[in-house]
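First the structure, in the form of structure tokens, and then the observations on it.
2 protein chains.
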Amino acid sequence: MTTLTDTRAPRPALIRALTAPKGFGDQTLRDRRPDAIELLGGIPDPSVLPSREIAEATARVLAQPGAPALQYSRTEGIPALREWIAAREGVPVERVVITNGGFHGLALAVQTVLERGDLVAVDNPIFPLFLRGLELSDARILPIGVGRTGIDVDDLADRLRAGERTAALYTVPDFHNPSQSTLPTDQRRELVRLAEQYGFVVFADNPYRELRFRGEQESVEPFHDSDLVWHVNTFTKTLGPGLRLGWVVLPAHAVPDVVALRSRQDGHSSTFVQAVIAELLTSDPLLFDATLERARALYRERADALADGLEAEAPGAFEIDRPDGGLFLWPRLRDDGVDAARLAADASAEGVEYQQGAFFASGPGTDAERRLRLAYGDTSAEQLREAAHRLGRALRRQGV
Amino acid sequence: MTTLTDTRAPRPALIRALTAPKGFGDQTLRDRRPDAIELLGGIPDPSVLPSREIAEATARVLAQPGAPALQYSRTEGIPALREWIAAREGVPVERVVITNGGFHGLALAVQTVLERGDLVAVDNPIFPLFLRGLELSDARILPIGVGRTGIDVDDLADRLRAGERTAALYTVPDFHNPSQSTLPTDQRRELVRLAEQYGFVVFADNPYRELRFRGEQESVEPFHDSDLVWHVNTFTKTLGPGLRLGWVVLPAHAVPDVVALRSRQDGHSSTFVQAVIAELLTSDPLLFDATLERARALYRERADALADGLEAEAPGAFEIDRPDGGLFLWPRLRDDGVDAARLAADASAEGVEYQQGAFFASGPGTDAERRLRLAYGDTSAEQLREAAHRLGRALRRQGV
């Protein structure tokens, strides 16, 4: 593992286990064209974030006598926000802890549940930043394939029966990042059953769940019915990443440990942000769903514009599963003769940036290196068609 | 050490080292009267927090095209805020990292600098929550006395010469919590010289510095001139704890480690909060100092009202050093016959709540158990006089 810097004093084991960014998350890979179209991150479009309503909620919150939004609050979160979330999730309020966004919830799970060096079953392909999060506990990984219906629970069962023992399992159950697949409800039940049987904890990372724009939602009840599941969520993709506001539905028995840890780290999430968002959500009970409806329509339009564009500009070059939600397309190169790394470089030269599929593999046995992760959330349909055009040109540089 | 809960799986060492609250921080110690006057915490008064201006800044920030305040930002903090802080602190912007408040800065220091089990020299008496923060690294402590001029640097030097080796030292240099003493500039220089000589890191925790209402400021240059000092600060006591917004001026070589750690924990402080406060501070360059002037005048009035009240209501009972700043009075009981624990219970029965001095000892050799920590920040002068009256009645229950 590559360490980051040399310092005068020996660095503690916690810090020594943190590796330098490479591949995904490395901002220095190449120079971009000034007119580059960036399909890099799962970023919500500003046009579907309720900026004006947030400003209005802020004005109301700060006009309250004594401005309680500017004062200390409890580590678990403020009651109004926890209650709104608990009602929406259908769980007791005591099981909801407010976080500084979804990744923070995962970090709290990693630190609270895992002993250093523990084995953790993870998605393959995977949201790569979670692997970096696991470095907080210097964890080892057991990659489990993710297909068109989410993580392969049967393969996991086989591994467990064969004697593998994991302390936890990490998966994105809805609109998986990067593959966009969703784990069916019966497979969620089976996953939780395995957790109960073998005694591991499930980290269910669910930032995209509310962004379904086609089809029917799968149930989260299997997660909420178990006291071995941490169901990690966030307002990042719906109200804005910059708020840094999320939550975890977690087993009641684990709440005191999380509170003990957080009261030694950052104390509590910003009372100000929590109070503003609680005011936003409760003062107009229709606002959140109306916001989501606008977002879903926009992302459906963009997903289709990108898929249509690729089919028109590079006919037959990609196998494309149109996503039912989320912010990513995960097309597979049909022609094994195409050099995927060269394609990314040529695409960059043509003026389109994306994440290479290879960055998302957590182990062998995946076709991730034959895929591209194209994020369409914050790019207009017109620009997405232009991106497809540029990608087609990049492909033709390899004679495709 | 008392653990918090029993769970089904063994808990990791990180969590096992976190003890249950006792004394300071334990909210369950006693029932309070409904009309209790609470002198418990270093809480800024809402009347001197710029609520209206924060709401106005929010409206301007959220009206910006594309609402960048709602998007992801860099782990170190947004440039506008870091630059404002760097200019005020007189340090290069690269050495400023934005945090979720002062305690978060301390937690990052503990996790980045200390190996588990390290020895840390600490204030005695001490801000007790820092001892809980040290549990993140399961650290051992070497208590160093704090007198009328801050931490006893000569005693520290003697201990070091005698062979004690500490990985770090923790102190509150300005308006020490709880004792209100301030470390003179020459002692800051000597402290940093010892750090250089013996190779330890200084955690200088400075939340009250801007609240000087009498006398001349001591210099922070000795801290900023050394690459062994983490100078931890926050907007908590000046713009409001609920923002959860602070910063650390730290050695340049340590910044990548902090960024690596935080990018695995909470990613970055709320872009929204950072952008609002940067707008607040830069749109009217006079606002911050005008806010501080109002706050200082208020806290001076309150400190004096409380000291005057105690002298009038319990003549001769206390030795009182009037503070030059900060939010606490730290009077000493002159009569060794007074039972300090009983006094706190009697005061509670009379309707005044405070923190017993005994909660603040980090080791033997302090007179903390003969003292009271009375927080006056968020209580009116009239109520402070009533609190002094009630405390006088509580003393007379013991025949004083």
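Residue numbers (UniProt numbering), protein chains in the order written: chain A, 1 to 400; chain B, 1 to 400.
Don't be surprised by glycine CBs; every beta carbon is placed ideally from N, CA and C.
Pair within 7 Å by beta-carbon distance, residue i and residue j
i         : j         : result
A:Leu-211 : A:Gly-325 : yes
A:Pro-125 : A:Pro-178 : yes
B:Ile-151 : B:Thr-171 : yes
B:Ala-69  : B:Ala-204 : no
A:Asp-335 : A:Val-400 : yes
A:Ala-290 : A:Asp-138 : no
A:Arg-370 : A:Leu-333 : yes
B:Thr-234 : B:Gly-101 : yes
A:Gly-246 : A:Thr-99  : yes
B:Leu-194 : B:Ala-162 : no
B:Glu-218 : B:Pro-184 : yes
A:Ala-55  : B:Ala-59  : yes
B:Leu-280 : B:Glu-89  : no
A:Val-273 : A:Leu-243 : yes
A:Ile-15  : B:Asp-257 : yes
B:Ala-394 : B:Leu-343 : yes
A:Arg-264 : A:Asp-346 : no
A:Asp-174 : A:Arg-209 : yes
B:Arg-322 : B:Ala-312 : no
A:Pro-241 : B:Gln-71  : yes
Candidates the options, of which the one nearest residue i by Cα
i                      : options                                       : result
B:Ser-73               : B:Gly-267, B:Asp-123, B:Gly-42 and B:Ile-37   : B:Gly-267
A:Leu-39               : A:Ala-394, A:Gln-398, A:Arg-373 and A:Arg-390 : A:Arg-373
B:Gln-187              : B:Arg-161, B:Leu-160, B:Gly-199 and B:Val-220 : B:Val-220
B:Leu-384              : B:Gly-23, B:Leu-329 and B:Arg-60              : B:Leu-329
A:Ala-86               : A:Glu-53, A:His-224, A:Ser-137 and A:Arg-193  : A:His-224
B:Pro-50               : A:Leu-49, A:Ala-67, A:Ile-37 and A:Leu-239    : A:Ala-67
A:Asp-367              : A:Val-259, A:Arg-193, A:Asp-31 and A:Val-146  : A:Val-146
A:Val-110              : A:Arg-159, A:Ala-254, A:Arg-396 and A:Thr-238 : A:Ala-254
A:Leu-310              : A:Ile-15, A:Leu-281 and A:Glu-382             : A:Glu-382
A:Pro-12               : B:Leu-292, B:Leu-261 and B:Phe-213            : B:Leu-261
A:Phe-103              : A:Leu-136, A:Ala-55, A:Val-120 and A:Arg-60   : A:Leu-136
residue 409 of chain A : A:Val-48, A:Val-202, A:Leu-343 and A:Gln-398  : Since the first residue shown for chain A is 1 and the last is 400, residue 409 of chain A is missing from the structure and cannot be characterised.
A:Pro-285              : A:Trp-84, A:Pro-46 and A:Arg-214              : A:Trp-84
A:Val-338              : A:Ser-348, A:Pro-323, A:Ala-305 and A:Phe-318 : A:Phe-318
B:Pro-44               : B:Pro-331, B:Ala-361 and B:Leu-327            : B:Leu-327
A:Tyr-198              : A:Val-120, A:Ile-37, A:Asp-174 and A:Ala-361  : A:Val-120
A:Ser-380              : A:Ile-37, A:Phe-24, A:Ala-63 and A:Asp-154    : A:Ile-37
B:Leu-287              : B:Phe-24, B:Thr-182, B:Gln-71 and B:Val-48    : B:Val-48
B:Leu-129              : B:Ser-181, B:Lys-22 and B:Thr-182             : B:Lys-22
A:Lys-237              : A:Pro-207, A:Trp-230 and A:Pro-34             : A:Pro-207
Span of the beta strand (DSSP E) around residue i
i         : result
B:Gly-240 : Element bounds for B:Gly-240: n/a, residue is neither H nor E.
A:Leu-119 : 119-124
B:Leu-70  : Run containing B:Leu-70: none; DSSP gives neither H nor E here.
B:Thr-99  : 96-99
A:Val-93  : Neither: A:Val-93 is in no beta strand (DSSP E) and is coded neither H nor E.
B:Ile-37  : 37-39
B:Arg-373 : 372-375
First and last residue of the uninterrupted alpha helix (DSSP H) at residue i
i         : result
B:Gly-102 : 102-113
B:Arg-385 : 381-396
B:Arg-52  : 51-62
A:Ala-275 : 271-283
B:Leu-261 : 255-262
B:Leu-14  : 13-16
- Query: Which whole runs of the alpha helix (DSSP H) in the segment 314-369 of chain A are 4 residues long or more, in chain order?
  - Reply: Listed in chain order, the complete alpha helix (DSSP H) runs (minimum 4 residues) inside the segment 314-369 of chain A are 340-350.
- Query: Within the chosen definition, does the segment 383-391 of chain B reach the segment 350-359 of chain B through at least 3 CB pairs nearer than 8 Å?
  - Reply: Verdict: yes, contact present.
- Mind the definition here: the segment 297-309 of chain A touches the segment 356-376 of chain A only if three or more C-beta pairs lie below 8 Å; say whether that holds. Result yes; three or more Cβ-Cβ pairs closer than 8 Å.
- Query: Does the segment 112-121 of chain A come within contact of the segment 163-181 of chain A, defined as at least 3 CB pairs closer than 8 Å?
  - Reply: The segment 112-121 of chain A, when compared against the segment 163-181 of chain A, does touch it at the 8 Å Cβ threshold.
- Message: Can you confirm whether the segment 93-101 of chain B touches the segment 248-263 of chain B when touching is taken to mean that 3 or more C-beta pairs between the two stretches lie within less than 8 Å?
- Response: At 8 Å Cβ cutoff, the stretches touch.
- Are at least three pairs of beta-carbons, each pair with one atom in the segment 357-367 of chain A and one in the segment 122-136 of chain A, less than 8 Å apart? These segments touch.
- Message: Three or more C-beta pairs under 8 Å: does that hold for the segment 73-85 of chain A against the segment 70-87 of chain B?
- Response: The segment 73-85 of chain A, when compared against the segment 70-87 of chain B, does not touch it at the 8 Å Cβ threshold.
- Item | Complete beta strand (DSSP E) runs within the segment 180-234 of chain A (minimum length 3 residues, chain order) | Entirely contained in the segment 180-234 of chain A, the beta strand (DSSP E) runs reaching 3 residues are, in chain order, 201-205 and 229-234.
- Item | Uninterrupted beta strand (DSSP E) stretches inside the segment 128-170 of chain A (no shorter than 3 residues) | Secondary structure within the segment 128-170 of chain A: the beta strand (DSSP E) runs of 3 or more consecutive residues, fully enclosed, are 140-147 (chain order).
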